[in-house]
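*Asks:* Quick note, the sequence shown lines up with residues 1 to 364 if you use the UniProt record's numbering. I have a structure here, written as structure tokens, and I will follow up with some questions on it.
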Amino acid sequence: MNMHLTKSQIGLDGVPAAETVLSHVDGERGELIIAGEHVADLAGKSSFEGVTARLWNGAAGKSLSEANVRASLGAARERAFARLPDLLPATRGMSIVDGFRAAIAGLRGENGLEHEATIVGAFPVIAAALVRRARGSDPIAPDPNAGHAADTLRMLLGRKVEPREVAALDAYLVTVCDHGMNASTFTARVIASTQADLFAAITGGYCALTGPLHGGAPEPVLEMLDAIGTRERIKPWVDGALAHGERLMGFGHRVYRVRDPRADVLKIAIERLEASGADLPFAGEVEAYIREALRKKNPERPLETNVEFFTAILLDALEIPRQAFTPIFATARAAGWTAHALEQRRTGRLIRPSSSYVGAMPKG
Ligand code: ACO
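See the structure below:
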């Protein structure tokens, strides 16, 4: 019999599809726990390698240290750099976001090496090579002895990077490395649940990330700030956009009913960065006005600032081109995707939901 589903059912709102030890999002309290710690206690305090070790240990019952992961990611960056001549031709003529998809689809396992390190190490090498190519420059070779955030930034910017810049990127990578059963992680877990390999799972995860309702939002956030331009234009611009039924990027969330805790963590990282290019007071005024306008427009449905608003400001202040924001997000989230894919393969079963058929029935 035909049965129409509710909006919540169609979006699988609040439906648990896995048991995980990796991260937990409490949307009512505005809390994010990653591998047993509040995100605010990790960002700016633990390195990306340290948190990645905790995720992989939790997912696969390993006992890796921060130093182990630092060494394996350094080696993986070197291997990825050596493979760039094979990976980049498939990306010719593509944007950075699309080229990244084509290049990561070409990654493959190597004997005796762990796929998760190969993937997480390769991501910034590929992202940086695409950014450099867009500027007409050659890729910069990784330094396997450097920290992952420091080397990522150096390969991207092509210059010596300051410790405060490295700290800001490291805080960002940690903040967004995992986030419960978000759309891209769910995609990766569905693929892993079929026993497809980790490379298939993370390629699918990245594809899900690229949409503006998920990880494709920060570039449009900057476009919005550019379009608003001045303090006087905040009110007319925002009111006009909402009157036209537009969604304002960097606001709203499926799970959070209060402010996304990652927004504040990133705001602190931006303040510590003290970048001359970041106009935090202007962004703060835009944010405050949008929150108020969304509250008035939709009093029953709390729509608060999400992680992408401050992601845009942080990555821009680090001089990372906006066209590369989604691949940089993926560079961090690859830690979560690989951990979830490993956990799914170890503890899950085939994910195969059902649909409600509302089409025509055979006559007779
Ligand atoms: N601006 C204006 N209105 C909004 C916004 C927004 N940012 N977000 C939701 N709404 C409105 C919707 O239009 C809807 O109104 P309606 O009931 O009149 O149709 C209402 O609020 C409820 O929204 P839902 O569609 O139920 O929210 P959902 O949970 O499906 O969407 C999402 C969550 C996709 C994040 C949404 O808030 C959005 O589109 N935000 C803008 C894009 C964005 O910031 N994406 C990054 C998310 S964070 C991340 O993935 C890393």
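Just so you know, even glycine gets a beta-carbon here, dropped at the ideal spot from N, CA and C.
Restricting to runs no shorter than 4 residues, where is the alpha helix (DSSP H) found entirely within the region 124-171?
*Replies:* Those alpha helix (DSSP H) runs which fall completely within the region 124-171 and span 4+ residues are 148-157.
*Asks:* Which residues mark the beginning and the end of the beta strand (DSSP E) in which H340 is found?
*Replies:* No beta strand (DSSP E) holds H340; the alpha helix (DSSP H) holding it covers F325 to T347.
*Asks:* Taking all protein chains shown into account, do 16 or more other C-beta atoms lie within 10 angstroms of the C-beta of residue 365, making it buried, or fewer, making it exposed?
*Replies:* Here the chain has residues from 1 to 364 only, and residue 365 is not among them.
*Asks:* Can you give the Cα-Cα distance for V125 and I140, rounded to whole angstroms?
*Replies:* For V125 and I140, the distance between alpha carbons rounds to 9 Å.
*Asks:* Can you check the region 60-92 for any beta strand (DSSP E) of at least 3 residues that lies completely inside it and give the ranges in chain order?
*Replies:* Complete beta strand (DSSP E) runs here, min 3: none at all.
*Asks:* Just checking P212 against the ligand NAD - is the residue's beta carbon closer than 7 Å to any of the ligand's heavy atoms?
*Replies:* In terms of ligand content, the structure shown lacks the ligand NAD and carries the ligand ACO instead.
*Asks:* Is V358 buried or exposed, if buried means 16 or more other CB atoms sit within 10 Å of its CB?
*Replies:* Exposed: under 16 other Cβ atoms inside 10 Å.
*Asks:* Any heavy atom of the ligand ACO closer than 7 Å to the beta-carbon of F251?
*Replies:* Flag set: Cβ of F251 near the ligand ACO.
*Asks:* Helix, strand or coil: which one does DSSP assign to L32?
*Replies:* Strand, per DSSP.
*Asks:* Can you tell which of E116, H4 and P321 has its C-alpha closest to the C-alpha of L157?
*Replies:* Considering only alpha carbons, the answer is P321.
*Asks:* Express the C-alpha separation of V174 and H148 in angstroms, rounding to a whole number.
*Replies:* One C-alpha to the other measures close to 11 Å.
*Asks:* Can you tell me whether S46 is helix, strand or coil according to DSSP?
*Replies:* Coil, per DSSP.
*Asks:* Nearest to D170 by alpha carbon, out of R333, S23, A103 and G44?
*Replies:* Cα-wise, what sits closest to D170 is G44.
*Asks:* Return the residue from the list A312, R189, Y256 and Y172 that minimises the CA-CA distance to I351.
*Replies:* When only C-alpha atoms are compared, the closest one is R189.
*Asks:* Quick one: using the 10 Å Cβ neighbour count with 16 as the cut-off for buried, is E292 buried or exposed?
*Replies:* By the neighbour-count rule (16 or more Cβ atoms within 10 Å), E292 is not buried but exposed.
*Asks:* Consult DSSP for D13 and reduce its assignment to one of helix, strand or coil.
*Replies:* Looking at D13 - three-state DSSP - the assignment turns out to be coil, as it is neither helix nor strand.
*Asks:* At which residues does the beta strand (DSSP E) containing S23 begin and terminate?
*Replies:* It spans S23 to D26 - the beta strand (DSSP E) in which S23 sits, taken as one unbroken run.
*Asks:* Return the bridge partner residues of F100 from the DSSP annotation.
*Replies:* BP columns for F100 are empty, so no partner.
*Asks:* Exposed or buried, T230, counting other C-beta atoms within 10 Å across all chains shown (16 or more means buried)?
*Replies:* Exposed: under 16 other Cβ atoms inside 10 Å.
*Asks:* Starting from Y206 and walking both ways along the alpha helix (DSSP H), at which residues does that stretch end?
*Replies:* From DSSP, the alpha helix (DSSP H) with Y206 extends over L198 to L209.
*Asks:* Which residue from P261, Q195, G112 and T152 puts its Cα closest to that of E37?
*Replies:* Answer by Cα proximity: P261.
*Asks:* As a quick exercise: from E285, T203, P302 and A168, pick the residue whose alpha carbon is nearest that of A334.
*Replies:* Nearest of E285, T203, P302 and A168 to A334, Cα basis: T203.
*Asks:* Put T6 into one of helix, strand or coil per three-state DSSP.
*Replies:* The answer is coil: DSSP assigns T6 none of H, G, I, E or B.
*Asks:* Are at least three pairs of beta-carbons, each pair with one atom in the region 336-346 and one in the region 238-256, less than 8 Å apart?
*Replies:* No, the region 336-346 does not touch the region 238-256.
*Asks:* Nearest CA to the CA of L32: which residue from F186, G99, A167 and Y256?
*Replies:* Of the candidates F186, G99, A167 and Y256, the one whose C-alpha sits nearest the C-alpha of L32 is Y256.
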